[in-house]
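Residue numbers (this note's numbering), protein chains in the order written: chain A, 1 to 100; chain B, 101 to 264; chain C, 265 to 671. Yeah, the Cβ is synthetic: ideal placement off N, Cα and C, and Gly gets one too. Since we're looking at a predicted model, the values are computed, not measured.
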Amino acid sequence: MVPIAYYLALSAVLFGLGVVGFVFKRNIITIFMAVELMLNAVNLAFVAFSRALGQLQGQVFVFFVIVVAAAEAAVGLGIVILIARSRQSLNVERVNLLKL
Amino acid sequence: MTAQLAVFLALAAIAVAGAVNLILQRHPVHSALSLIVVMVALAGLYLLLDAEFVAAIQIIVYAGAIMVLFVFVIMLLNAGAEERTNLSHAAHFAGIPLAIFLLLELSYRVARASAPMVAQPVAEGATRRLAMLLFQDFVFPFELTSILILIAIVGALVLAKRDA
Amino acid sequence: MSALFARYPILLVSLVKIVVLLFVLLTAVAYLVWFERKVAAHIQSRVGPYRVGPHGLLQPLADGVKFLMKEDLTPAGVDRFVYSLAPFVTMTLAISTIALIPFGPDSIRIFGQTTPLVVANVNIGLLVIFALTSVGVYGVALAGWSSNNKYSLLGGLRSSAQMISYELSLTMSVVGVLLLAGTFNLSEIVRAQEGFTWRLLPKWNLFNPTLPQLLGFLCYFVAGVAETNRLPFDLAEAESELVAGYHTEYSSFRFAMFFLAEYASMITVSFLATILFFGGWLSPFPATPLFGWTRYLPVALFGVGGVILVIHGLRYGTALGRMELPALGVLLCGLAALSARPGIVDLVQGPFWFLLKVFVVLFVYVWVRWTLPRFRYDQLMAIGWKFLLPLALANVVLTSFAVVARK
Numbered sequence: 001m002v003p004i005a006y007y008l009a010l011s012a013v014l015f016g017l018g019v020v021g022f023v024f025k026r027n028i029i030t031i032f033m034a035v036e037l038m039l040n041a042v043n044l045a046f047v048a049f050s051r052a053l054g055q056l057q058g059q060v061f062v063f064f065v066i067v068v069a070a071a072e073a074a075v076g077l078g079i080v081i082l083i084a085r086s087r088q089s090l091n092v093e094r095v096n097l098l099k100l
Numbered sequence: 101m102t103a104q105l106a107v108f109l110a111l112a113a114i115a116v117a118g119a120v121n122l123i124l125q126r127h128p129v130h131s132a133l134s135l136i137v138v139m140v141a142l143a144g145l146y147l148l149l150d151a152e153f154v155a156a157i158q159i160i161v162y163a164g165a166i167m168v169l170f171v172f173v174i175m176l177l178n179a180g181a182e183e184r185t186n187l188s189h190a191a192h193f194a195g196i197p198l199a200i201f202l203l204l205e206l207s208y209r210v211a212r213a214s215a216p217m218v219a220q221p222v223a224e225g226a227t228r229r230l231a232m233l234l235f236q237d238f239v240f241p242f243e244l245t246s247i248l249i250l251i252a253i254v255g256a257l258v259l260a261k262r263d264a
Numbered sequence: 265m266s267a268l269f270a271r272y273p274i275l276l277v278s279l280v281k282i283v284v285l286l287f288v289l290l291t292a293v294a295y296l297v298w299f300e301r302k303v304a305a306h307i308q309s310r311v312g313p314y315r316v317g318p319h320g321l322l323q324p325l326a327d328g329v330k331f332l333m334k335e336d337l338t339p340a341g342v343d344r345f346v347y348s349l350a351p352f353v354t355m356t357l358a359i360s361t362i363a364l365i366p367f368g369p370d371s372i373r374i375f376g377q378t379t380p381l382v383v384a385n386v387n388i389g390l391l392v393i394f395a396l397t398s399v400g401v402y403g404v405a406l407a408g409w410s411s412n413n414k415y416s417l418l419g420g421l422r423s424s425a426q427m428i429s430y431e432l433s434l435t436m437s438v439v440g441v442l443l444l445a446g447t448f449n450l451s452e453i454v455r456a457q458e459g460f461t462w463r464l465l466p467k468w469n470l471f472n473p474t475l476p477q478l479l480g481f482l483c484y485f486v487a488g489v490a491e492t493n494r495l496p497f498d499l500a501e502a503e504s505e506l507v508a509g510y511h512t513e514y515s516s517f518r519f520a521m522f523f524l525a526e527y528a529s530m531i532t533v534s535f536l537a538t539i540l541f542f543g544g545w546l547s548p549f550p551a552t553p554l555f556g557w558t559r560y561l562p563v564a565l566f567g568v569g570g571v572i573l574v575i576h577g578l579r580y581g582t583a584l585g586r587m588e589l590p591a592l593g594v595l596l597c598g599l600a601a602l603s604a605r606p607g608i609v610d611l612v613q614g615p616f617w618f619l620l621k622v623f624v625v626l627f628v629y630v631w632v633r634w635t636l637p638r639f640r641y642d643q644l645m646a647i648g649w650k651f652l653l654p655l656a657l658a659n660v661v662l663t664s665f666a667v668v669a670r671k
């Protein structure tokens, strides 16, 4: 049996890689994908804890996280399309004015 | 080295490799494909943890619908590869070691703190019990998420619509 | 290696099952193409493949050789990695679904291990099949995008949008069956359809006593045809529109992979339709002594087919036909004699009825293709979202009421 600590360490590494991607990348969509990576890492932690404590509430919460991630991806990508239309670029360094 | 540990290490290596590839690739479509690989590896890890329904949902919804949305938007916006940055090299020399340090520190602390945890045995019929939980104890959040999805659909439609 | 197999004998058994199934599936896909061409020809009052081997039976071999020998062009400006990955992904996922299909109730012995007639008997079998079809959308979208071609991109986007829209109706139409069976395990779903109402009508989910799943089956079949991009829903890859859609720029073996994947997913949809709605490997005749003779129907079918082949073959035009067709006939007669032996009769029942029902569903699939005109894209999307999805949801609601009322 694999110790739960291994799963949590993997979850922490994936979360950290998501943070690194969020900070270092310049394409809006790639930044968004780094956020999804962070959410996935958190899901792994939830499922690992649910197994460690013998309850299923962790998996129910994973279900909700996936649903919220879907809703957030839909609306977020809608905003990304708007930005791309108005700025003609997907580089976050160009989206630095409050004026549209 | 038991079979379970071997499978865990293989899946963990695939997940970490996919995540690192997400950061290193310059074209968004390649990053999206790496993220899909990470998600499939995570689904395999959920199966190792005996969470079969969550693994199936992860692939059907996350890898099969949300990432399809990402790939569609990348294709429609005709996103190209990223250009070279005009930041100084100091950012790289300071940033990458700090990032690696963050990763190691996080994983070390988490592993230390959770070392005494041990996996509980899982009873049969986990999907059935999960469904009971979802529709009895958590029915209110469940209905709220359906309204949330409705809001997201209407919002996405309104945002992406071209003015006629 | 042999130490690994000695410690985990299930690995060797699974390997044998996988190899046999893969061989059977790939041959079936090749001959499904032949079957479609023959049926299409007879619907259109012509003969179809006739010259390459007797009755065109060697046509799939000729097509295979053609696909392998053709020049493999890679257009300029494509994204190399994604261009090579797309057909590979599509074909792998389409073929993998056969690992979850149960072919019969009994267990057979391989290398001394007793094992059921299914490669992977998982508790979430149905969900895994849906997961594999969900990820199969990527092959189409990535193929269209990476081809550096406007028509491919548009065709790929349209195809994948169509596939994800009809996936919803597909999964919803199956929920009625899940409510009646109470499990995702495909073998258990078939076992829940055992028995006969009024001792005559089989309890298949199509005629279920709680609520006959006719609406569910109709929604499932229409959504399945749309999901596999077949007529009447094949605007995105039809010959007269958009050149050839997402696989325009693919040649030789890569195109063969897309082709194979399309027919393999057709077979998967038929397998699932049989398991979920037509009782899988269950015989339509009750197991009473009155109907005991029906156990010998496979023997009769093989025997009659063999004799007809022998007689027809001996009078065939070409010399090759005069050798091959009687040989095939003798083989079928031998199969009939083998399945009449006391131990094997019951073993043959399950797979025989299963494959017969799958064959009928595939015939309807081909029949529909060559009979109906195709839908325009906006009509197609309207049907998927505004007609099929509410119907499938209505089926779910009705079935849940019926299940609760029965309790």
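Span of the alpha helix (DSSP H) around residue i
i	result
Q323 of chain C	Q323 to M333
P606 of chain C	P606 to R633
I136 of chain B	P128 to L148
Q59 of chain A	Q57 to R87
E243 of chain B	V239 to A260
G488 of chain C	L478 to E491
G16 of chain A	I4 to F24
W468 of chain C	From DSSP, W468 of chain C is part of no alpha helix (DSSP H); its letter is neither H nor E.
G403 of chain C	V401 to S410
N40 of chain A	I28 to L53
L652 of chain C	Neither: L652 of chain C is in no alpha helix (DSSP H) and is coded neither H nor E.
Member of the options whose CA lies at the smallest distance from the CA of residue i
i	options	result
F541 of chain C	C:L599, C:V594 and C:A456	C:A456
K650 of chain C	C:A666, C:F331 and C:C483	C:C483
D336 of chain C	C:P637, C:L652, C:P615 and C:E513	C:E513
F22 of chain A	A:S11, A:L8 and A:M38	A:M38
V563 of chain C	C:G544, C:G585, C:P606 and C:I575	C:P606
G403 of chain C	B:A143, B:M167 and B:N121	B:M167
R633 of chain C	C:H319, C:G488 and C:S515	C:G488
G544 of chain C	C:Y641, C:L396, C:G598 and C:F623	C:F623
S410 of chain C	B:L147, B:G164, B:F172 and B:V161	B:F172
I453 of chain C	C:I428, C:F269, C:L573 and C:L391	C:L391
For residue j and residue i, the rounded distance between their alpha carbons
i	j	result
I174 of chain B	H130 of chain B	11 Å
I372 of chain C	I274 of chain C	13 Å
F665 of chain C	L444 of chain C	11 Å
L169 of chain B	L257 of chain B	14 Å
S433 of chain C	T338 of chain C	37 Å
F639 of chain C	P496 of chain C	6 Å
L602 of chain C	Y560 of chain C	12 Å
V13 of chain A	A219 of chain B	21 Å
P590 of chain C	A604 of chain C	21 Å
L662 of chain C	A520 of chain C	43 Å
E431 of chain C	I29 of chain A	26 Å
R262 of chain B	L418 of chain C	19 Å
T461 of chain C	E224 of chain B	31 Å
I31 of chain A	K25 of chain A	6 Å
I253 of chain B	A260 of chain B	11 Å
V297 of chain C	W617 of chain C	22 Å
T368 of chain C	T379 of chain C	A small correction: the amino acid at residue 368 of chain C is Gly; Thr does not occupy that position in the sequence shown. Rounded to whole angstroms, G368 of chain C to T379 of chain C spans 11 Å at the Cα level.
Cβ neighbour criterion (16 or more within 10 Å) applied to residue i
i	result
L450 of chain C	buried
K281 of chain C	buried
A106 of chain B	exposed
L133 of chain B	buried
A190 of chain B	exposed
A194 of chain B	exposed
V288 of chain C	exposed
V568 of chain C	exposed
H306 of chain C	exposed
D498 of chain C	buried
Q308 of chain C	exposed
Continuous beta strand (DSSP E) stretch holding residue i: start and end
i	result
R373 of chain C	S371 to I374
T378 of chain C	Q377 to P380
Near the ligand SAH: residue i beta-carbon under 6 Å from a heavy atom
i	result
M175 of chain B	In the structure on display, the ligand SAH does not appear, and there are no ligands present to speak of.
Exercise for the section: Please specify which runs of the alpha helix (DSSP H), each continuous and at least 4 residues long, are wholly inside the segment 535-620 of chain C, giving them in chain order. Expected result: Scanning the segment 535-620 of chain C for uninterrupted alpha helix (DSSP H) segments of 4 residues or longer gives 561-578 and 583-603, listed from N- to C-terminal end.
Item checked: Length at least 4, wholly inside the segment 185-235 of chain B: the alpha helix (DSSP H) runs in chain order -> Counting only runs of 4 or more, we get 189-213 and 226-232.
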